[in-house]
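> Dumping the structure here so I can ask a few things about it.
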Amino acid sequence: MDVPVLKIIDLHVSIEKKKIIKGMNLSVGKGEVHVIFGPNGSGKSTLLNAILKLPGYSIDDGEIRVKSKNIQDMTTDEIANMGIGMSFQHPPKIKGVTLRNFLNAINRTEDLDDEIRALNMEDFLDRELNVGFSGGELKRAEVLKLYAQSPDLLLIDEPESGVDIENIAVISKAINKILQKEAPINLRERSAIIITHTGHILNYIDADIGHVFMDGKIVCTGKPKSIMEDIKKLGFSGCAACIKEPKDRI
Amino acid sequence: MKYLDDTTKAMLKKVAFDEKQEHSASFLATDWDVLDTHSTEDGLEILPIGTALDKYEWLRELFFTLIEKDKDTYVKEVASSDVLLGYFIRIKAGVKISLPVYTCYMINSDTFTQCTHNIIIAEENSELHLISGCTANAHILSGRHLGVTEYFIEEGATVTSTMIHSWGKEVEVYPRSAANVGKNAKFISNYVAMGSVKKLQMDPLAVIEEGGLGEFYSVIYATENSQFDIGSTVILNGDGASSEIISRVVSNGGEVTTRGKIVGKHQNGRGAMACNGLLLSKKGYIHAIPELLGQDPRLELSHEASVGMISKDELAYLMASGIEEEKAKSLIIEGFLDLKIPSLPDYLQRQINAIVKETKDFETM
Chain A
1 MDVPVLKIID LHVSIEKKKI IKGMNLSVGK GEVHVIFGPN GSGKSTLLNA
51 ILKLPGYSID DGEIRVKSKN IQDMTTDEIA NMGIGMSFQH PPKIKGVTLR
101 NFLNAINRTE DLDDEIRALN MEDFLDRELN VGFSGGELKR AEVLKLYAQS
151 PDLLLIDEPE SGVDIENIAV ISKAINKILQ KEAPINLRER SAIIITHTGH
201 ILNYIDADIG HVFMDGKIVC TGKPKSIMED IKKLGFSGCA ACIKEPKDRI
Chain B
1001 MKYLDDTTKA MLKKVAFDEK QEHSASFLAT DWDVLDTHST EDGLEILPIG
1051 TALDKYEWLR ELFFTLIEKD KDTYVKEVAS SDVLLGYFIR IKAGVKISLP
1101 VYTCYMINSD TFTQCTHNII IAEENSELHL ISGCTANAHI LSGRHLGVTE
1151 YFIEEGATVT STMIHSWGKE VEVYPRSAAN VGKNAKFISN YVAMGSVKKL
1201 QMDPLAVIEE GGLGEFYSVI YATENSQFDI GSTVILNGDG ASSEIISRVV
1251 SNGGEVTTRG KIVGKHQNGR GAMACNGLLL SKKGYIHAIP ELLGQDPRLE
1301 LSHEASVGMI SKDELAYLMA SGIEEEKAKS LIIEGFLDLK IPSLPDYLQR
1351 QINAIVKETK DFETM
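Protein chains in written order, with the working numbering: chain A, 1 to 250; chain B, 1001 to 1365.
Here you go:
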């Protein structure tokens, strides 16, 4: 059996001493796409930021293992180079660094021309990274970055936020291509964790496993679309029962 | 040109002087010796300043008109120097030459004081691109470079002047320059200083006449024990005159004061200034002093200034993309210093960027 790409064991994370993740467990296998639902401010993004050990996120307890290796003593770039790539919800503007120079610095693939064209990013290559980009352009640049990085595990933070329908379709098509969605699941090499609070992205990307994240924990795991239907009907308040009595819905 | 050893050639190359590259004219002096002065283009004249003063009586009338002989102790020292070192460049009316003129001064003897005086004349509707390097040879421990440069840019002419400095730890440098930018003329001045210098102080002046444009860009990377005090003063002296002063400074332990002053005297004048500094170390400082003086209500003058460290978010973002920390810092610093100069021809912009890249020494602390 394959080693999980990511294994999280009893994880506790805080930001400036405020506890955000309070004992979380998660295992992501090769080729699996997990989607994590949760209300705004529940700490979903904290999980992704903690996996990459971004500054300000303190791992107080528990373990994060990437391909069975504990990341405790690793730096952010070392974790990324283990095959983790993240599409940020709010990527920073970096003045002076062009998208072209950035891609050249991270590119692991031979040729990105087709991907650049598919994401309509030709005119942005000589622009400063994320400076003056619209919501859709930011997300397209983030997905282009993932192409260049060619990671084994994609961490995708709120791909639909601030993006119009046309751009969601373009971005989703590209993500599906990176995730080799055209191939049978047993042949797919890449995995993903997608964070969403609207669930809208599921209209475009097939996820295999869904989780509801509330109060610092995963409170519910099941089929992504059925979880989304429940949330649509009852809202996240409807998940309160799961906090009292967590259950597996697969 | 006289024989140059490999070390000297390498040092000259650091400030963009390479005898093999395509050029319209060139000038090279080490200490007091003029090693090369030649032009390959009709309508473009380059002479050692002494020869030019002998040849053209009228040139004496222009000498020390834009910069007064007693402006300060350094100009006084140049004015009273026994040796007259410098170049005279004149581009004739209507002649436009896109290939640059390369000039270079090098200090080649220890403790040497090099005094220079240059005159540049761009006649009406001409176009001249000048790239000037100044450096000290590898074996030099200390020295001084005092330079006076006067630019006469006549109506409708365009002059771009790119100055690249790379000195040594114990070298002091006091360039003094002034430009008279005529009606509808353009003067674009770029200054690039990389590495260490004991002390460098300059405040070039430009007086811009009606419809004229003066742009000043400076890119400075200051290492520990270096002192830079640089600035530009622009006087918008005619209707519709405009100016932009932009400086990007990185201090890796160096002490940098960056000044900018725009004085607006007439209607429809526009002036904008941006001084941005990046501090890489707790040693050293960046002191940005932007100044605006408006003397007509129909002027538009503005400035922005910022001094800070490398953003943690930007660094984390690059590292999260798999770029190791030192390389990520270099990418940010290189980008910060990669000034885009809209009015510069593309090939010159590429060359300046290449120079910045070539001469960078971005070890961070």
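All C-beta atoms, glycine included, are put in the ideal place defined by N, C-alpha and C.
Because the structure is a prediction, the values reported are computed rather than measured.
Using 8 Å for Cβ pairs, my map puts Asn-101 of chain A next to Arg-140 of chain A. What's the rounded Cβ distance?
18 Å between Cβ atoms; not a contact.
> So with CB distances below 9 Å, who are the chain B contacts of Phe-88 of chain A?
Within chain B, the residues near Phe-88 of chain A are Tyr-1317, Ala-1320.
> Using a Cβ-Cβ cut-off of 7 Å (strictly less than) and excluding sequence neighbours within five positions of Asn-107 of chain A, which residues of its own chain qualify?
The answer, listed in chain order, is Ala-148.
> Using 8 Å as the limit for Cβ to Cβ distance, is Gly-96 of chain A near chain B?
Chain B, which has a Cβ nearer than 8 Å to the Cβ of Gly-96 of chain A, makes this yes.
> Taking C-beta pairs closer than 7 Å, name the residues in chain A that Lys-1329 of chain B reaches, listed in chain order.
What Lys-1329 of chain B touches in chain A: nothing, since even the nearest Cβ is about 11 Å away.
> Could you say if the stretch 1244-1263 of chain B and the stretch 1211-1222 of chain B meet the contact criterion of at least three C-beta pairs nearer than 8 Å?
Taking 8 Å as the limit for Cβ pairs, the verdict is that the stretch 1211-1222 of chain B does touch the stretch 1244-1263 of chain B.
> Assuming Asp-1303 of chain B and Leu-1293 of chain B are in contact, meaning their beta carbons sit under 8 Å apart, how far apart are those beta carbons, in whole angstroms?
The sequence given here has His at residue 1303 of chain B, not Asp. No, His-1303 of chain B and Leu-1293 of chain B are not in contact; Cβ-Cβ is about 12 Å, not under 8 Å.
> Please decide whether Ala-1354 of chain B counts as near chain A, where near means a Cβ-Cβ distance under 8 Å.
Not an interface residue.
> Mind checking if Ile-1323 of chain B is an interface residue toward chain A, Cβ cutoff 8 Å exclusive?
Yes, Ile-1323 of chain B lies at the interface with chain A (some Cβ there is under 8 Å from its Cβ).
> Can you tell me the Cα-Cα spacing of Thr-1037 of chain B and Ile-1121 of chain B, whole angstroms?
Between Thr-1037 of chain B and Ile-1121 of chain B, the C-alpha separation is close to 16 Å.
> Give me the residue from B:Met-1309, B:Ala-1305, B:Ser-1196 with the minimum Cα distance to Gly-1254 of chain B.
Per the Cα distances, B:Ser-1196.
> Taking Ile-1333 of chain B as the reference, give the member of B:Asn-1252, B:Gly-1322, B:Gly-1264 with the closest Cα.
Looking at the Cα atoms, B:Asn-1252 is the closest of the given residues.
> According to the Cβ coordinates, are Ser-1161 of chain B and Ser-1126 of chain B closer than 8 Å?
No.
> Verify whether the separation of the beta carbon atoms of Asn-40 of chain A and His-197 of chain A is less than 8 Å.
Contact flag set, yes.
> For a contact meaning CB atoms closer than 8 Å, what does Gly-1335 of chain B contact in chain A?
Under the 8 Å cutoff, chain A gives Ile-94, Lys-95, Gly-96, Val-97, Thr-98, Asn-101, Glu-128.
> Which value, in whole angstroms, describes the spacing of the CA atoms of Ser-1026 of chain B and Val-1101 of chain B?
Going by the C-alpha atoms only, they are around 6 Å apart.
> Comparing the C-beta of Asp-77 of chain A with each C-beta of chain B, is any distance below 8 Å?
Yes, contact with chain B.
> So which of B:Asn-1268, B:Arg-1298, B:Phe-1228, B:His-1266 has the shortest CA-CA distance to Ile-1286 of chain B?
Checking every option, the nearest Cα to that of Ile-1286 of chain B belongs to B:Phe-1228.
> For Met-82 of chain A, collect the residues of the same chain with a Cβ closer than 6 Å to its Cβ; drop the 5 residues on either side in sequence, then sort them by chain order.
Same-chain partners within the cutoff: Val-66.
> Would DSSP call Gly-1322 of chain B helix, strand or coil?
Three-state result, Gly-1322 of chain B: coil.
> For Val-1250 of chain B, which of B:Gly-1322, B:Ser-1232, B:Gln-1295, B:Met-1194 has the nearest alpha-carbon?
Closest by alpha carbon: B:Met-1194.
> Report the option in A:Val-97, A:Thr-109, A:Ser-150 whose CA atom is closest to the CA atom of Phe-124 of chain A.
With distances taken between Cα atoms, Phe-124 of chain A lies closest to A:Val-97.
> Kindly indicate which three-state DSSP category Met-1011 of chain B falls into: helix, strand or coil?
Note: Met-1011 of chain B maps to helix in three-state DSSP.
> Compute the Euclidean distance between the alpha carbons of Ile-171 of chain A and Glu-137 of chain A, then round it to the nearest angstrom.
The straight-line gap from Cα to Cα measures roughly 10 Å.
> Quick one, which of A:Leu-234, A:Phe-236, A:Phe-213, A:Gly-238 has its alpha-carbon nearest Ile-34 of chain A's?
The residue asked about is misnamed: residue 34 of chain A is His in this sequence, not Ile. Per the Cα distances, A:Phe-213.
> Let me confirm a value: Gly-210 of chain A is counted as buried when at least 16 other C-beta atoms fall within 10 Å, else exposed. Which label applies?
Buried, by the Cβ-count rule.
> In its own chain, which residues sit with a C-beta less than 6 Å from the C-beta of Ser-1189 of chain B, not counting the 5 before and 5 after it?
Excluding positions up to five away in sequence, the list reads Ser-1161, Phe-1216.
> Within 10 Å of its beta-carbon, does Ile-250 of chain A have 16 or more other beta-carbons around it, so buried, or fewer, so exposed?
Summary for Ile-250 of chain A: the model assigns pLDDT 49, below 50, so the residue's position carries little reliability, and this model does not support an answer.
> Would you verify that the beta carbon of Ile-1286 of chain B is, or is not, closer than 8 Å to some beta carbon of chain A?
No, no contact with chain A.
> Mind pulling the chain A residues with CB within less than 9 Å of Ser-1311 of chain B?
Within chain A, the residues near Ser-1311 of chain B are Pro-92, Ile-94.
> Nearest to Glu-32 of chain A by alpha carbon, out of A:Val-219, A:Lys-225, A:Ile-175, A:Arg-188?
Answer by Cα proximity: A:Arg-188.
> Go to His-1105 of chain B, then tell me how far its beta strand (DSSP E) extends in each direction, as first and last residue.
The identity of residue 1105 of chain B in the sequence shown is Tyr, whereas the question assumes His. 1101-1107 is the extent of the beta strand (DSSP E) around Tyr-1105 of chain B.
> How should Leu-234 of chain A be labelled, buried or exposed, when 16 other C-beta atoms within 10 angstroms of its C-beta is the threshold for buried?
By the neighbour-count rule (16 or more Cβ atoms within 10 Å), Leu-234 of chain A is not buried but exposed.
> From Ala-1185 of chain B to Val-1234 of chain B, what distance separates their C-alpha atoms?
The straight-line gap from Cα to Cα measures roughly 14 Å.
> Is the CB-CB distance between Lys-1312 of chain B and Pro-91 of chain A below 8 Å?
Cβ atoms of Lys-1312 of chain B and Pro-91 of chain A: not closer than 8 Å.
> What are the uninterrupted segments assigned as beta strand (DSSP E) that are 3 or more residues long and contained completely in the stretch 99-184 of chain A, given in chain order?
Fully enclosed beta strand (DSSP E) runs of 3 or longer: 153-157.
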